[in-house]
Amino acid sequence: MELPRYHRLRGPYYRLEGRACPGCSRRFVPPRSVCPTCKSGGLRPFAFCGRATLYSWSHVLQPARGFASMAPYTVGMVRLEEGPLVSAQLADADGVELAVGMPLEMVTRKIRDADEHGYIVYGYKFRPLLMATRPRP
Amino acid sequence: MRDVSVIGVGQTPVGEHWDRSLRDLAVEAIAEARRDAGVDRVDALYVGNMLSGELAGQENVATLVADAAGLLPKEALKIEAACASGGAVLRAAYLAVACGAHDYVLAVGVEKMTDVLTDGVTAALALAADADYEAAHGITFAALNAILMRRYMHEHRASHEDFAPFSINAHRNAALNPCAMYRQPITLEDFIRSPIVADPINILDSAGISDGAAALLVCPASEARRARRPPVRITGSACATDTLGLAERTDPLVWQAVADSARLACGQAKLKPKDIDLFELHDAFTIVSVLSLEACGFADRGSALKLAAEGRIALEGDIPICTLGGLKGRGHPVGASGTYQLVETALQLRGEAGPAQVKGASIGMAQSVGGSGSVAITHILQV
Ligand SMILES: [Zn+2]
Numbered sequence: 256m257e258l259p260r261y262h263r264l265r266g267p268y269y270r271l272e273g274r275a276c277p278g279c280s281r282r283f284v285p286p287r288s289v290c291p292t293c294k295s296g297g298l299r300p301f302a303f304c305g306r307a308t309l310y311s312w313s314h315v316l317q318p319a320r321g322f323a324s325m326a327p328y329t330v331g332m333v334r335l336e337e338g339p340l341v342s343a344q345l346a347d348a349d350g351v352e353l354a355v356g357m358p359l360e361m362v363t364r365k366i367r368d369a370d371e372h373g374y375i376v377y378g379y380k381f382r383p384l385l386m387a388t389r390p391r392p
Numbered sequence: 033m034r035d036v037s038v039i040g041v042g043q044t045p046v047g048e049h050w051d052r053s054l055r056d057l058a059v060e061a062i063a064e065a066r067r068d069a070g071v072d073r074v075d076a077l078y079v080g081n082m083l084s085g086e087l088a089g090q091e092n093v094a095t096l097v098a099d100a101a102g103l104l105p106k107e108a109l110k111i112e113a114a115c116a117s118g119g120a121v122l123r124a125a126y127l128a129v130a131c132g133a134h135d136y137v138l139a140v141g142v143e144k145m146t147d148v149l150t151d152g153v154t155a156a157l158a159l160a161a162d163a164d165y166e167a168a169h170g171i172t173f174a175a176l177n178a179i180l181m182r183r184y185m186h187e188h189r190a191s192h193e194d195f196a197p198f199s200i201n202a203h204r205n206a207a208l209n210p211c212a213m214y215r216q217p218i219t220l221e222d223f224i225r226s227p228i229v230a231d232p233i234n235i236l237d238s239a240g241i242s243d244g245a246a247a248l249l250v251c252p253a254s255e256a257r258r259a260r261r262p263p264v265r266i267t268g269s270a271c272a273t274d275t276l277g278l279a280e281r282t283d284p285l286v287w288q289a290v291a292d293s294a295r296l297a298c299g300q301a302k303l304k305p306k307d308i309d310l311f312e313l314h315d316a317f318t319i320v321s322v323l324s325l326e327a328c329g330f331a332d333r334g335s336a337l338k339l340a341a342e343g344r345i346a347l348e349g350d351i352p353i354c355t356l357g358g359l360k361g362r363g364h365p366v367g368a369s370g371t372y373q374l375v376e377t378a379l380q381l382r383g384e385a386g387p388a389q390v391k392g393a394s395i396g397m398a399q400s401v402g403g404s405g406s407v408a409i410t411h412i413l414q415v
């Protein structure tokens, strides 16, 4: 990834920073500048709490260029507590029996092989919530 | 707006053309479409292509093709809408003729994918997804569709095996198409044993990387009788869009752009889905066939698998799909696939589909989808 592009993405990538719509209170990550629901502009920064549930997932056996050292890895779509769905890699999922609806939390991890520029790209991933911190039923 | 007809079609076989370049393939399809029409005149050339820059190191590809095909100094433009580029290029040609800017326009879709190794093609195809929020996280195109498929299986209590009839149907029909890449029929056993790409998606759920070009010559319907072959009217042409990122939809299993483009095209043609005799849909993955049939109104939500299991998608069924193999069986040279679908639909309506002929077909729908349902282009052709 090109350095300026990575720099631009540091808010969402490191801290899951998105936007909140002042018109209808919808929240977005990736950040948007116009709300697709109520067409308001002036969306404000919004930090998501990082808690989520699993919507669906896949184990990638045929990786794209730039992800060979990580294969096989798990990707998924997660439903953030504040509403939106996000696509991300799942971390610490080896040996865990995944299930739709299971609780997850955000962690910041290396998300791809080092490319020709040599630096490491970090970003959000979601991991199954540790048993100890899982709310009791 | 003027009525527009397709008066000539041409296609190269789909395959791994090691000895032929992007320009060779495009020139062959164009020559065949012009020969088929028996009309010399061409006012403009539109080239549908997704990945020439990434996979062939070549942009400015419309000029390249115009030059190679002997069409200089005519207008030539590249049209890109990811995997829907082939549908988009006919839409561009249709608009140019309908509005009166040009009379005779060639639409050619071409893609050359097999020069590059699989990991490079996988990365290139992911360019249709959101670069920062999907592709950069290693979420391949197959993985996005796999996420959808698993969710669909969860919501509708389906098994992976339930998707097999789509792949089996595509291969059965491809065996009847001399231009198809995968001409061997497959069994349920083959489907179950096929290697996983991104679970639950396996190789037989997925359309294959390939090379090919297909072309259509269009003109005002009022002049179409000049052509050698029976003209095919374009009675519907519509494009609709949805969020680039799959996760940004209210419900990722509802492909709204697909639904909207089909509804608009049917509205223009004053038709309902039940009037359609055959549907060339964008079966890049079996789950895409399912979501497209449901979005377009051929099946209720959650019931497209039943449609396939009952054989209703077969050539003799009430809604035949992928009649000459679809993306799965014919092969999926991405930017060209839409033009193959349209050429095949035209051949069906002309009664020239050989052993794959849908009896009495007079209305066909062809639909190209780019990204994970982020852009959809639907055409309705009639004789
Ligand atoms: Zn809003």
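Taken in sequence, the protein lines are chains A and B.
Residues 256 to 392 (the numbering used here) make up the first sequence, in order.
Residues 33 to 415 (the numbering used here) make up the second sequence, in order.
No residue lacks a Cβ here, since even glycine has one placed at the ideal position from N, Cα and C.
Continuous beta strand (DSSP E) stretch holding residue i: start and end
i, result
"Ile228 of chain B", "Ile228 to Ala230"
"Arg334 of chain A", "Tyr328 to Leu335"
"Val262 of chain A", "One point to set straight first is that residue 262 of chain A is His, not Val, in the sequence displayed. Segment Leu258 to Arg263 is the alpha helix (DSSP H) holding His262 of chain A; no beta strand (DSSP E) there."
"Gln380 of chain B", "Run containing Gln380 of chain B: none in the beta strand (DSSP E); it sits in the alpha helix (DSSP H), Val366 to Leu381."
"Gly402 of chain B", "Ile395 to Gly402"
"Thr410 of chain B", "Val407 to Gln414"
"Leu149 of chain B", "That residue, Leu149 of chain B, is in no beta strand (DSSP E); it is neither H nor E in DSSP."
"Thr172 of chain B", "No beta strand (DSSP E) contains Thr172 of chain B, which DSSP labels as neither H nor E."
"Phe322 of chain A", "Segment: none, Phe322 of chain A is in no beta strand (DSSP E) and carries neither H nor E."
"His314 of chain A", "Arg306 to Val315"
"Lys380 of chain A", "Tyr377 to Pro383"
"Met361 of chain A", "Pro358 to Lys365"
"Thr273 of chain B", "Val264 to Thr273"
Supposed contact pair residue j and residue i - C-beta distance, whole angstroms, cut 8 Å
i, j, result
"Asp309 of chain B", "Ala289 of chain B", "The Cβ separation is near 24 Å, so there is no contact."
"Gly80 of chain B", "Gly370 of chain B", "6 Å"
"Val142 of chain B", "Ala125 of chain B", "Actually they do not touch by this definition, with Cβ atoms about 14 Å apart."
"Leu278 of chain B", "Ser313 of chain A", "Rounded, the Cβ-Cβ distance is 12 Å, inconsistent with contact."
"Phe173 of chain B", "Ala158 of chain B", "6 Å"
"Ala200 of chain B", "Ile218 of chain B", "This sequence places Ile at residue 200 of chain B; Ala is not what is there. So it is a contact: roughly 6 Å between Cβ atoms."
"Leu385 of chain A", "Leu359 of chain A", "Their Cβ separation, rounded to whole angstroms, is 11 Å, which puts Leu385 of chain A and Leu359 of chain A out of contact at 8 Å."
"Phe381 of chain A", "Leu353 of chain A", "11 Å between Cβ atoms; not a contact."
"Ile395 of chain B", "Gln373 of chain B", "Contact doesn't hold; Cβ gap of about 15 Å is too wide."
"Ile345 of chain B", "Leu180 of chain B", "Not really, about 19 Å apart at Cβ, beyond 8 Å."
Sequence-distant residues of the same chain with beta carbon closer than 6 Å to residue i, five excluded per side
i, result
"Gly334 of chain B", "His188"
"Ala326 of chain A", "Pro318"
"Ala61 of chain B", "Gly42, Gln43, Thr44, Val140, Ala245, Ala246 and Ala247"
"Leu208 of chain B", "Pro387 and Ala388"
"Ile326 of chain B", "It should be noted that the sequence gives Glu, not Ile, for residue 326 of chain B. Correct list, in chain order: Arg333 and Ala336."
"Leu268 of chain A", "Position check: residue 268 of chain A holds Tyr in this sequence, whereas Leu was assumed. Closer than 6 Å at Cβ, skipping near neighbours: Gly378."
"Phe301 of chain A", "Gly273, Arg274, Ala275 and Arg282"
"Ile412 of chain B", "Thr267, Gly268, Ala297, Ala301 and Met397"
"Ala58 of chain B", "Val97, Val140, Val142 and Ala245"
Residues near residue i by beta carbon distance below 8 Å, same chain, minus five either side
i, result
"Leu340 of chain A", "Tyr310, Met332, Val333 and Arg334"
"Ala253 of chain B", "Arg34, Asp35, Val36, Ser37, Pro263 and Arg265"
"Cys279 of chain A", "Cys290, Thr292, Cys293 and Ser295"
"Ala190 of chain B", "Tyr184 and Leu337"
"Asp222 of chain B", "Leu236"
"Thr355 of chain B", "Asn205, Leu310, Glu312, Leu347, Glu376, Gln380, Ala385, Ala388 and Val390"
"Arg382 of chain B", "Arg261, Pro262, Val264 and Val415"
Delimiting residues of the alpha helix (DSSP H) encompassing residue i
i, result
"Val250 of chain B", "Element bounds for Val250 of chain B: not the alpha helix (DSSP H) but the beta strand (DSSP E), Gly244 to Pro252."
"Gly80 of chain B", "Run containing Gly80 of chain B: none in the alpha helix (DSSP H); it sits in the beta strand (DSSP E), Ala76 to Gly80."
"Ala385 of chain B", "Taken as a continuous stretch (DSSP letters only), Ala385 of chain B belongs to no alpha helix (DSSP H), as it is neither H nor E."
9 Å Cβ cutoff, residue i in contact with chain D
i, result
"Phe301 of chain A", "The chain inventory of the structure shown lacks chain D, comprising the protein chains A and B."
Buried or exposed by the 16-neighbour rule on C-beta atoms within 10 Å, applied to residue i
i, result
"Asp243 of chain B", "buried"
"Ala133 of chain B", "exposed"
"Ala393 of chain B", "buried"
"Pro285 of chain A", "buried"
"Ile39 of chain B", "buried"
"Val351 of chain A", "exposed"
"Gly356 of chain A", "exposed"
"Arg299 of chain A", "exposed"
"Val93 of chain B", "buried"
"Ala167 of chain B", "buried"
"Leu359 of chain B", "buried"
Cβ shell of residue i (< 7 Å), same chain only, five flanking positions each side left out
i, result
"Gly403 of chain B", "Ala114, Ala160, Ala161 and Leu276"
"Val129 of chain B", "Arg34, Val36, Asp135, Val137, Val250, Cys251 and Pro252"
"Pro365 of chain B", "Val46, Glu143, Met145, Ser242, Asp243 and Gly244"
"Asp96 of chain B", "Strictly speaking, residue 96 of chain B in this sequence is Leu, with Asp absent from that position. Closer than 7 Å at Cβ, skipping near neighbours: Arg55 and Gln90."
"Ser324 of chain A", "Asp368"
"Gly85 of chain B", "Glu91"
"Glu336 of chain A", "Cys304, Arg306 and Ala307"
Legend entry - Segments of 4+ residues assigned as alpha helix (DSSP H) that fall wholly inside the segment 38-72 of chain B: Complete alpha helix (DSSP H) runs here, min 4: 54-69.
Legend entry - Runs of alpha helix (DSSP H) wholly within the segment 180-240 of chain B (minimum 4 residues, chain order): Runs of the alpha helix (DSSP H) lying entirely within the segment 180-240 of chain B and spanning at least 4 residues, in chain order: 196-206 and 220-225.
Inset, instruction - With a floor of 4 residues, list each alpha helix (DSSP H) that falls wholly inside the segment 86-125 of chain B, ordered by position along the chain. - result: Within the segment 86-125 of chain B, the complete alpha helix (DSSP H) runs of at least 4 residues are 93-100.
Inset, instruction - Jot down the residue ranges of each uninterrupted beta strand (DSSP E) in the segment 284-357 of chain B, minimum 3 residues, whole runs only, in chain order. - result: Taken in chain order, the complete beta strand (DSSP E) segments of 3 or more residues contained in the segment 284-357 of chain B are 310-312.
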